[in-house]
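Student:
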Amino acid sequence: MDSVGVVPAAPDAGPGPAWQSKCPWGAPNTTSISCSLADVMSEQLAKELQLEEENAAFPEVVAVAEGPFITGENIDTSSDLMLAQMLQMEFDREYDAQLRREEKKINGDSKVSISFENYRKVHPYDSDSSEDEVDWQDTRHDPYRADKPTTTPRRGFIGKGKDITTKHDEVVCGRKNTARMENFAPEFQVGDGIGMDLKLSNQVFNALKQHAYSEERRSARLHEKKEHSTAEKAVDPKTRLLLYKMVNAGMLETITGCISTGKESVVFHAYGGKSATEDKVIPPECAIKVFKTTLNEFKNRDKYIKDDYRFKDRFSKLNPRKIIRMWAEKEMHNLTRMQNAGIPCPQVVILKKHVLVMSFIGKDQVPAPKLKDVTLSSEDMKKAYYQTLNMMQQLYKECNLVHADLSEYNMLWHDGKVWLIDVSQSVEPTHPHGLEFLFRDCRNVSQFFQKGGVAEALNERELFNAVSGLNITADNEVDFQAEIEALEKMNEDHVQNHGKKLSTFSSDGDPPIYDE
Ligand code: ADP
Ligand code: MN
Numbered sequence: 001m002d003s004v005g006v007v008p009a010a011p012d013a014g015p016g017p018a019w020q021s022k023c024p025w026g027a028p029n030t031t032s033i034s035c036s037l038a039d040v041m042s043e044q045l046a047k048e049l050q051l052e053e054e055n056a057a058f059p060e061v062v063a064v065a066e067g068p069f070i071t072g073e074n075i076d077t078s079s080d081l082m083l084a085q086m087l088q089m090e091f092d093r094e095y096d097a098q099l100r101r102e103e104k105k106i107n108g109d110s111k112v113s114i115s116f117e118n119y120r121k122v123h124p125y126d127s128d129s130s131e132d133e134v135d136w137q138d139t140r141h142d143p144y145r146a147d148k149p150t151t152t153p154r155r156g157f158i159g160k161g162k163d164i165t166t167k168h169d170e171v172v173c174g175r176k177n178t179a180r181m182e183n184f185a186p187e188f189q190v191g192d193g194i195g196m197d198l199k200l201s202n203q204v205f206n207a208l209k210q211h212a213y214s215e216e217r218r219s220a221r222l223h224e225k226k227e228h229s230t231a232e233k234a235v236d237p238k239t240r241l242l243l244y245k246m247v248n249a250g251m252l253e254t255i256t257g258c259i260s261t262g263k264e265s266v267v268f269h270a271y272g273g274k275s276a277t278e279d280k281v282i283p284p285e286c287a288i289k290v291f292k293t294t295l296n297e298f299k300n301r302d303k304y305i306k307d308d309y310r311f312k313d314r315f316s317k318l319n320p321r322k323i324i325r326m327w328a329e330k331e332m333h334n335l336t337r338m339q340n341a342g343i344p345c346p347q348v349v350i351l352k353k354h355v356l357v358m359s360f361i362g363k364d365q366v367p368a369p370k371l372k373d374v375t376l377s378s379e380d381m382k383k384a385y386y387q388t389l390n391m392m393q394q395l396y397k398e399c400n401l402v403h404a405d406l407s408e409y410n411m412l413w414h415d416g417k418v419w420l421i422d423v424s425q426s427v428e429p430t431h432p433h434g435l436e437f438l439f440r441d442c443r444n445v446s447q448f449f450q451k452g453g454v455a456e457a458l459n460e461r462e463l464f465n466a467v468s469g470l471n472i473t474a475d476n477e478v479d480f481q482a483e484i485e486a487l488e489k490m491n492e493d494h495v496q497n498h499g500k501k502l503s504t505f506s507s508d509g510d511p512p513i514y515d516e
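Note that my numbering gives residue 446 to position 446 of the sequence shown, counting from 1, and the numbers run on in steps of one.
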């Protein structure tokens, strides 16, 4: 951090005339503020003055937009960790700004330019400023980056006979070592040896290299240290800051811990705080679903979203990071629809990028058990079945949705009823595979309740018809499925022939399907 190139903000030492005239930087154009002794001693004033000066000294830094949760006034300075993180962020920004300046200086008007991109600090928090920026993780491990050109051919020597120069030649080697110092991170001071005909012995070079690497590792460790609890480790730094911001803004009281870590999401429990707006009430307990930004996990979900007409226009233009946000967005919209229909489900509190905050189903940090984990009396089991049947119909008819991952794993038992969760993958029935998803849901539900001893439980085909209102008469699974696929195909052709102009996703949570 020491060679960051940060101009330290001059501490406010009470600008008196004597000091001003001696100041090597010239007279600062501070407007003198007259105030009482009490004011002078006031921390508040000190902070304000400090802030004012920093603003003047670092206009570039100040221009970086803050997230909506952190504003100048509501920064809660009681959290050391938060402060440390914000400071680090600030340092990283300044460091990168400096790096950019150096890059610019070196490149000048030259047609060939070099880039310090790889030396940018870890600054995962700083992404609000631009939606289209390249992810920091990507820039650090760019698989497309060309290898550095090497001068000694593979065989290890140049020339012939007595003119042969091998790669072990002392002079060549020494020069090369000197040149290779350029590969060290820019903050690593190597003097101006690179420009001279300096020959570094292998021993010296290796020592330097070791040092450069250990410095880099040290800097990396500094960033890692910010991780504290195991719960926090479940998410990347960017997400962690997002969560801190929510706590910091008072929206959440505390994030107590992790409820679940799945392949595609991590769910936390939190106590709700105060809402910034009067009209919105934050539930006393919240569940925070963090959609994992590890892109690979979402690859196999493509089929849900790619063919979803609501997303068709957007899908092709999006980068993977945005697609993950879309999952969160989708869950939010679907939950809102369900809420509107009166289906028991978590209530959406807020969506922030890939983080969805909703009401917690459960009590005192204990999440409601999944239907698969709870032992119900036969009476409750029957009740649960009829309720599920009802909800599936409502979901289909009123919400125009198919859950698409409905099973005893995504139904919670709470307050004597079934609650539906996990609806990010839910689709509209007209989705090219919508009916297949529905049939799968029906099979899961039907099997679960039949095994659970509910004699009245419809079989999967009957359930499918009862939910969809379709009247597929096939009396065996294979034919039934074939008819479903035929229907989907018909619908698809219809859409193809009649055009599929899409309305954009509306923010009120009730996106229309295609209009003809
Ligand atoms: P995943 O895609 O990882 O299955 P889920 O939405 O099903 O994501 O959440 C995983 C688990 O977290 C659930 O099985 C449930 O135990 C818990 N969970 C999720 N949302 C809530 C909530 N609102 N209230 C209580 N527990 C929840
Ligand atoms: Mn789930």
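Cβ coordinates follow ideal geometry from the N, Cα and C atoms, glycine included.
Got a sec: does the ligand MN put a non-hydrogen atom nearer than 6 Å to the Cβ of Asp373?
Tutor: Flag unset: Cβ of Asp373 not near the ligand MN.
Student: Quick one: residues in its chain with C-beta nearer than 7 Å to the C-beta of Glu492, no 5 flanking neighbours on either side, listed in chain order?
Tutor: The answer, listed in chain order, is Pro432.
Student: Can you look up Leu198 in the DSSP assignment and give me helix, strand or coil?
Tutor: In this structure, Leu198 counts as coil in the three-state DSSP scheme.
Student: Should His403 be labelled buried (16 or more other beta-carbon atoms within 10 Å of its own) or exposed?
Tutor: When all chains shown are included, His403 counts as buried.
Student: Quick one: which unbroken beta strand (DSSP E) runs of 3-plus residues sit fully inside the region 378-457? Chain order, please.
Tutor: Those beta strand (DSSP E) runs which fall completely within the region 378-457 and span 3+ residues are 411-414 and 417-420.
Student: Determine the extent of the beta strand (DSSP E) in which Ile259 is found, giving its start and end residues.
Tutor: Leu252 to Thr261 is the span of the beta strand (DSSP E), which, as asked, contains Ile259.
Student: What residues match up with Lys111 in a beta bridge as DSSP calls it?
Tutor: Answer by DSSP bridge pairing: none, since Lys111 is not bridged.
Student: Rounded to a whole number of angstroms, what is the C-alpha to C-alpha distance between Thr239 and Met326?
Tutor: Near 16 Å, if we compare the C-alpha coordinates of Met326 and Thr239.
Student: Output the distance between the C-alpha atoms of Asn334 and Val423, rounded to the nearest integer angstrom.
Tutor: Their Cα atoms are separated by approximately 6 Å.
Student: With a cut-off of 8 Å, do at least 3 Cβ pairs link the region 435-443 to the region 352-364?
Tutor: Judged by Cβ distances under 8 Å, the region 435-443 makes no contact with the region 352-364, as fewer than three pairs qualify.
Student: Going by beta carbon distance, what residues of the same chain come within less than 8 Å of Gln393, once the five residues before and after it are set aside?
Tutor: Only Ala466 and Val467 meet the Cβ criterion.
Student: Measuring from the CB of Asp441, is there a heavy atom of the ligand MN at a distance below 6 Å?
Tutor: No, Cβ of Asp441 sits at least 6 Å from all heavy atoms of the ligand MN.
Student: Taking Cβ to Cβ, would you say Glu483 is nearer than 7 Å to Ile472?
Tutor: Taking 7 Å as the Cβ cut-off, Glu483 and Ile472 qualify as a contacting pair.
Student: Decide if Asn497 is buried, meaning its Cβ has at least 16 other Cβ atoms within 10 Å, or exposed.
Tutor: Result: exposed.
Student: Taking the alpha carbon of Ile259 as the reference point, which residue from Leu389, Gln365 and His211 has its own alpha carbon closest?
Tutor: Considering only alpha carbons, the answer is Gln365.
Student: Just the C-alpha distance for Lys245 and Val349, rounded to the nearest angstrom, thanks.
Tutor: Approximately 15 Å, taken between the alpha carbons.
Student: Output needed for Thr293: all residues of its chain with C-beta closer than 8 Å, excluding positions within five of it in sequence on either side, in chain order.
Tutor: Cβ neighbours of Thr293 beyond the five flanking positions: Asp236, Lys238, Thr239, Arg321, Ile324 and His354.
Student: Look at the alpha carbon of Cys286 and the alpha carbon of Thr256, and state the distance between them as a whole number of angstroms.
Tutor: Going from the Cα of Cys286 to the Cα of Thr256 covers about 10 Å.
Student: From Arg337, Gly452, Asp96 and Phe439, pick the residue whose C-alpha is nearest to that of Gly469; which is it?
Tutor: Checked all of Arg337, Gly452, Asp96 and Phe439; the closest Cα to Gly469 is Phe439.
Student: Would the beta-carbon of Lys264 be found less than 6 Å away from any heavy atom of the ligand ADP?
Tutor: Looking at the sequence itself, residue 264 is Glu, so the reference to Lys does not match. Within the cutoff, so yes.
Student: For the ligand MN, I want to know if Asp422 counts as a neighbour, meaning its beta carbon is within less than 6 Å of at least one of the ligand's heavy atoms.
Tutor: At least one heavy atom of the ligand MN is nearer than 6 Å to the Cβ of Asp422, so yes.
Student: Quick check: the Cα distance between Leu241 and Phe268, rounded to an integer number of angstroms?
Tutor: Approximately 14 Å between the Cα atoms of the pair.
Student: Should Ala482 be counted as a contact of the ligand ADP given a C-beta to heavy atom distance under 6 Å?
Tutor: Every heavy atom of the ligand ADP is 6 Å or more from the Cβ of Ala482, so no.
Student: Within 6 Å: the Cβ of Gly108 and any heavy atom of the ligand ADP?
Tutor: Flag unset: Cβ of Gly108 not near the ligand ADP.
Student: Quick check on the burial criterion: 16 or more other C-beta atoms within 10 angstroms. Buried or exposed for Tyr385?
Tutor: Buried: at least 16 other Cβ atoms inside 10 Å.
Student: Does the beta carbon of Lys176 sit closer than 7 Å to a beta carbon anywhere in chain C?
Tutor: Of the protein chains in the structure, only one exists, and it is not chain C.
Student: Between which residues of its own chain and Ser527 is the CB-CB distance below 7 Å, once the five residues before and five after are set aside?
Tutor: Residue coverage of the chain in this structure runs from 1 to 516, which leaves residue 527 outside it and unanswerable.
Student: What does DSSP give as the partner residues of Ala270 in its beta bridges?
Tutor: BP columns for Ala270 point to Ile255 and Cys286.
Student: On the three-state DSSP scale, how would you describe Met326?
Tutor: Here Met326 sits in helix by DSSP.
Student: Shortest alpha-carbon distance to Gly250 belongs to which of Ser275, Ala270, Lys263 and Ala234?
Tutor: Nearest C-alpha to Gly250: Ser275.
Student: Is Ser275 helix, strand or coil by DSSP?
Tutor: Coil at Ser275, not helix or strand.
Student: From this set, Leu356, Pro346, Cys399 and Leu406, which residue's C-alpha is nearest Leu371's C-alpha?
Tutor: Selected option, being the one with the closest Cα: Leu406.
Student: Go ahead and pull the three-state DSSP assignment for Gly362.
Tutor: Gly362 falls in the strand class under three-state DSSP.
Student: On a Cα-Cα basis, can you pick out the residue from Ala368, Glu329 and Lys352 that is closest to Cys345?
Tutor: The shortest C-alpha separation from Cys345 is found at Ala368.
Student: I need the straight-line Cα distance from Thr261 to Ala97, nearest angstrom please.
Tutor: When rounded, the distance between both Cα atoms is 37 Å.
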